[in-house]
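These protein sequences, in sequence, are chains A and B.
Adding 212 to a residue's 1-based position in the first sequence gives its number in the working numbering.
In terms of the working numbering, the second sequence has 66 at position 71, counting the first letter as 1, and numbering is strictly consecutive.
In this text, a Cβ means the ideal position worked out from N, Cα and C, and glycines have one as well.
As the structure is a computational prediction, the values presented were derived from the model and not from experiment.
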Amino acid sequence: MSLEASFPRLRETGYRITSPATNDYNCIAWAAGESDRWWWPDPSGISYWPDGAPRRETLEAFLAAFSTLGFELCSSELPEAGFEKVAIYVNAQGEPTHMARQLSSGGWTSKLGKSEDIEHQLDSLDGSHVYGSVAYILRKSLSTHPLRESRSS
Amino acid sequence: MRFAETSTWLPTSLVGVYPPSLFDTESEGVGDDAITLARRFIDATKHYRFPITRQTTVEKFQSLISEWKNDTHLMSSSTSMILHKAYQQIIGMGPTVIPLILRELQNSPDHWFAALKALTGIDPVAPSDRGKLGAMTNAWLEWARRQGYSW
C-alpha cells in the first residue's frame, strides 16, 4: 500500500522520501536523533526506553522519556532559532502513536514505522487513521547539544 | 435427512458428476451405513473445498507473516505489533514454529523477539542491546544454535 493511500494529505501537501525502508529504528528513535534502535515503552522490555521513564504507553511516559534528552513542552510548532522541536501524535484514545522531528528548514521529518523516512509538513500526517493527530510539541535548546543541529539538518 | 443442494458445497469440478439422489438420504431404502458414508463424503469434500483446512504448518505460518507485515508496516508501537492477531496466532501455534521463526529472523530480521520469548520462556538479549535489531537477532540465533535448534 502506498504512503499516500495511508496518509491522503501527503498528496496535497507534498513530501519527499529520504531513506530506504528499514526496521532498525522507528519514529520515536528518529525523533530522538537515533537510527540504530527501536524505541517503545513496551512492558515486555523488548524495545529500548530511557531509564527513569515509565514503560507505559501514555503521554506522560513519552514526556518523561524526552525530558531525559532535555525536551520540554512548548506551545508552538513554528521554528525557533536555537531550539529543536518534536511532535507527539496520539490516537483517539489519547495513546501515543508517532513522533516527528522539526528540521532546521522548518519542515518535519518522520520515520514511518518500518517504512521509509520522509520530509513532510506537520499536518500531512495529522488526522490519518494510522497516527491520529498531533497532541504536543516539545522543544529543547540546541546550545546544550551543539552536534545535534548538523544531524537534524 | 436431506443434504443441501450439492452446488453449494460440492467442488465445481464434481457438480454434475454425482447425481443429487446420491446425497438424498431420505430416499426410500437408504440405511444408516449410507448416511454415514454420505456424511464422510461431505466432510472430505468440504476439506477439499476450503483450503485453510489443508494448510501445512509452514503455509499457515507464511500466511500469518504476510498478514502481520502488511498490517503493521507503519506502526511504531512494538506492543501493537505483538498484540496483532496474526502475531498472536503464530505464538498460539506453539513450539513447533520456533525453527520457522528462527529461519524468518535470519532471512528477514524483524520483531520476532516477543514471540520467541513467549515460546521459550527465556530472553538471551543483553539489556544494553534492547531495541537493536541486529544485536537481538544475533543473540537469539546464537542461543538457538547452542540449544541445538536447526532451521
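Name the residue from the options whose alpha carbon lies nearest to the alpha carbon of residue i.
{"i": "A/Ser355", "options": "A/Pro262, A/Ala276, A/Gly319 and A/Glu292", "result": "A/Glu292"}
{"i": "A/Glu246", "options": "A/Asp329, A/Asp254 and A/Pro308", "result": "A/Asp329"}
{"i": "B/Gln142", "options": "B/Asp38, B/Pro119, B/Gly129 and B/Leu128", "result": "B/Pro119"}
Can you tell me where the alpha helix (DSSP H) holding residue i begins and where it ends?
{"i": "A/Glu272", "result": "Leu271 to Ser279"}
{"i": "B/Glu137", "result": "Leu128 to Gln142"}
{"i": "A/Ala217", "result": "Leu215 to Ser218"}
{"i": "B/Thr115", "result": "Phe108 to Thr115"}
{"i": "B/Tyr82", "result": "Lys80 to Gly87"}
{"i": "B/Arg98", "result": "Ile93 to Asn102"}
{"i": "A/Lys326", "result": "It is not in any alpha helix (DSSP H) - A/Lys326 carries neither H nor E in the DSSP assignment."}
{"i": "B/Val53", "result": "Thr52 to Thr67"}
What residue range is occupied by the uninterrupted beta strand (DSSP E) comprising residue i?
{"i": "A/Met311", "result": "Pro308 to Gln314"}
Alpha carbon to alpha carbon, how far is residue j from residue i? Give it in angstroms, no decimals.
{"i": "A/Val342", "j": "B/Thr67", "result": "10 Å"}
{"i": "A/Ser365", "j": "A/Ser317", "result": "With a pLDDT of only 45 at A/Ser365, under the threshold of 50, the placement of this residue in the model should not be trusted; the figure read from the coordinates follows. Taking the straight line joining both Cα atoms gives about 8 Å."}
{"i": "A/Arg264", "j": "B/Met88", "result": "Rather than Arg, the amino acid found at residue 264 of chain A in this sequence is Gly. The alpha-carbon atoms of A/Gly264 and B/Met88 are separated by roughly 36 Å."}
{"i": "A/Leu299", "j": "A/Ala347", "result": "It is worth fixing the name first, because residue 299 of chain A is Ala in this sequence and not Leu. Between A/Ala299 and A/Ala347, the C-alpha separation is close to 8 Å."}
{"i": "A/Leu290", "j": "A/Leu324", "result": "22 Å"}
{"i": "A/Arg351", "j": "A/Lys297", "result": "4 Å"}
{"i": "A/Val302", "j": "A/Thr309", "result": "5 Å"}
{"i": "A/Trp242", "j": "A/Ala312", "result": "8 Å"}
{"i": "B/Ile77", "j": "A/Leu315", "result": "32 Å"}
{"i": "A/Trp320", "j": "A/Ser288", "result": "14 Å"}
{"i": "A/Ser218", "j": "B/Ala39", "result": "42 Å"}
Could you have a look at residue i and say whether DSSP puts it in helix, strand or coil?
{"i": "B/Tyr43", "result": "helix"}
{"i": "A/Trp320", "result": "strand"}
{"i": "A/Val342", "result": "coil"}
{"i": "A/Ala293", "result": "coil"}
{"i": "A/Leu337", "result": "coil"}
{"i": "B/Arg125", "result": "coil"}
{"i": "A/Ser353", "result": "strand"}
{"i": "A/Ala304", "result": "coil"}
{"i": "B/Ser145", "result": "coil"}
Following a CB-centred definition, is residue i positioned closer than 6 Å to any heavy atom of the ligand ZN?
{"i": "B/Tyr82", "result": "Here there are no bound small molecules, and the ligand ZN is not part of this structure."}
Within the stretch 220 to 290 of chain A, ranges of the beta strand (DSSP E) (whole runs, at least 3 residues):
Here the runs fully enclosed are 227 to 229 and 284 to 286.
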